[in-house]
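Below is one structure, written out as structure tokens; comments come after it.
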Amino acid sequence: MRSENSDETRALLNNQAVHNRESDILISTVIQGFTSHPPSPATFALKNPSACSLANTHTPFTTSHFPHIRQVDSSLPHTMPSTQSNYMLPVDPLSLSRIRSNLIRLEDTIIFSLIERAQFALNPRIYERNCFDELKEMNWKGSWLEWFLKETETFHAKARRYTSPDEYPFTSESELPTPVLPALKYPEILHPNKINVNPSIMTFYTRAIVPRITRRATQELAMLKRSAGIVGDDEYEDDGNYGSAATVDVEVLQAISKRVHYGKFVSESKFRSHPADFIPHILNPNPQELLKLITKPEVEATLLDRVQRKTSIYAQELNPGGEPIKNSMGVGKWKIDVECVRDLYENWIIPLTKEVEVEYLLRRLDGLSQDEIDELMKH
118 MRSENSDETR ALLNNQAVHN RESDILISTV IQGFTSHPPS PATFALKNPS
168 ACSLANTHTP FTTSHFPHIR QVDSSLPHTM PSTQSNYMLP VDPLSLSRIR
218 SNLIRLEDTI IFSLIERAQF ALNPRIYERN CFDELKEMNW KGSWLEWFLK
268 ETETFHAKAR RYTSPDEYPF TSESELPTPV LPALKYPEIL HPNKINVNPS
318 IMTFYTRAIV PRITRRATQE LAMLKRSAGI VGDDEYEDDG NYGSAATVDV
368 EVLQAISKRV HYGKFVSESK FRSHPADFIP HILNPNPQEL LKLITKPEVE
418 ATLLDRVQRK TSIYAQELNP GGEPIKNSMG VGKWKIDVEC VRDLYENWII
468 PLTKEVEVEY LLRRLDGLSQ DEIDELMKH
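Counting from 118, one number per residue, gives the positions in the sequence shown under the working numbering.
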């Protein structure tokens, strides 16, 4: 026999299926995560257009309606601020120890933000262009995420975020406003360059990373919809949390961007330490030799192990007493695919960072006179 809760859920969701997206009905899945770390608490809000006098009334669904959905550790932060660096302090910004410290802090930012994104379904509409009539009316031809980035980066640009040597916008700088504050006089850290690989970051993140980290959330959403008789195209991927998902996407993208472009600092630091090792391969462009000079396999192996261990700790599901939750086989549960985060670093972040490092080195002598190059060769 069906439970009363199941009947109530089926009736409400079948009503939504009849009207679908074209009606005034909206399912707001504030389900903070149909993933391995389901929500705290899981809540559905169903707008009922038939109740004209109660146009803004929502029927809340709590976890009692969905007994198969587990609670999430509510201690997980809802936002993870981007790692910041203070270049106005009297310390060497090219110190490898300082660079390493910043990169390790960025690992935390990236991991926590990925955990946050994993709680929502894929929501592919937000990555496709011309999918929102509301944006078309504003003459916006890009995707929901691109619009979200532009609006966010417009505000940040006014606060002179992108005058910092380690910040790079996804929006074209020509479309961003000038800062309302006077520019800070940063020390000359990097050689002048225009390297910005954010388009590549956007592509691999939305096409390779998001589908993987949201797989569990998407599957549990589909299971819930099937239990309510919703099958086919309406069954998968979309939980309606476009704003929440895009908010976290922006945080992840900005953190990954900073991490990847930090390769410029690494290259500059190594170049200044031993310029004579690099100059011959710059004058006679040899990307492969430059790549050999900057690659440290043992450092990469340590980084990957650290990221995997951090993720397994940060993403572990705990009971109210702070103890790890395990299944009947004694295996723990995690809020995100731990291997996915390691894969993100191993196959995307590290290789793209190296591309930035090599490209930066190839341009490192631009604008220098022969006398200046000869002087560098002495070191």
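The C-beta atom is built at its ideal place from N, Cα and C for all residues, glycine as well.
Computed from a prediction, not measured in an experiment: that's the story for all the values here.
Might you give, ordered along the chain, the residues of its own chain that have their beta carbon closer than 6 Å to the beta carbon of phenylalanine 321, omitting 5 neighbours on each side? Taking the sequence shown and counting its residues from 1, one reaches residue 321 at position 204. Once the five neighbours on either side are set aside, the close Cβ partners of phenylalanine 321 are Trp465.
Could you pull the DSSP bridge partners for arginine 246 from this structure? In the sequence shown, residue 246 corresponds to position 129, counting from 1. For arginine 246, which the question treats as bridged, DSSP gives the partners Ser260.
Closest residue to aspartate 350 among Asn240, Trp257, Arg215, Met494 (Cα-Cα distance): Translated into positions along the sequence shown, residue 350 becomes position 233. Of the listed residues, the one whose Cα sits closest to aspartate 350 is Asn240.
I'd like to know whether the C-beta atoms of valine 448 and alanine 432 end up nearer to each other than 8 Å. Residue mapping note: residue 448 aligns to position 331 of the sequence shown, counting from 1. Residue mapping note: residue 432 aligns to position 315 of the sequence shown, counting from 1. Not closer than 8 Å, so no.
With 16 other Cβ atoms within 10 Å as the buried cut-off, status of methionine 319: Taking the first residue of the sequence shown as position 1, residue 319 is located at position 202. With 16 or more other Cβ atoms within 10 Å, it is buried.
Buried or exposed: which applies to phenylalanine 272, given that a residue is buried once 16 or more other Cβ atoms fall within 10 Å of its Cβ? Position 155 of the sequence shown holds residue 272. Under this definition phenylalanine 272 is an exposed residue.
8 Å contact criterion, which serine 386 and isoleucine 216 should meet: CB distance rounded: One-based indexing of the sequence shown puts residue 386 at position 269. One-based indexing of the sequence shown puts residue 216 at position 99. At roughly 6 Å, the Cβ-Cβ gap stays under 8 Å, so serine 386 and isoleucine 216 are in contact.
Could you tell me whether the region 276-295 touches the region 258-268, using the rule of 3 or more Cβ pairs below 8 Å? yes
Return the residue from the list His398, Leu461, Leu420 that minimises the CA-CA distance to leucine 479. To locate residue 479, count along the sequence shown from 1; it is residue 362. Of the listed residues, the one whose Cα sits closest to leucine 479 is His398.
Strand pairing of proline 441, partner residues [DSSP]: Position 324 of the sequence shown, counted from the start, is the residue given in the question as residue 441. Per DSSP, Leu435.
I need the DSSP call for glutamate 476, collapsed to helix, strand or coil. The residue given as residue 476 occupies position 359 in the sequence shown. Helix at glutamate 476.
To the nearest angstrom, how far is the alpha carbon of serine 317 from that of proline 468? Counted from its first residue, the sequence shown places residue 317 at position 200. Counted from its first residue, the sequence shown places residue 468 at position 351. Cα to Cα, the separation comes out at about 12 Å.
Which stretch, first to last residue, makes up the alpha helix (DSSP H) that contains phenylalanine 388? By one-based count along the sequence shown, residue 388 stands at place 271. From DSSP, the alpha helix (DSSP H) with phenylalanine 388 extends over 380-390.
Taking 7 Å as the limit between beta carbons, can you name the residues of its chain near valine 365, skipping five residues before and five after? The sequence position of residue 365 within the sequence shown is 248, counting from 1. Ser230, Glu233, Arg234, listed in sequence order.
Whose C-beta lies closer than 7 Å to the C-beta of proline 282 among residues of the same chain, with five residues either side of it excluded? Taking the first residue of the sequence shown as 1, we reach residue 282 at position 165. Closer than 7 Å at the Cβ level, and outside the excluded window around proline 282, lie Tyr204, Tyr303, Ile306, Leu307.
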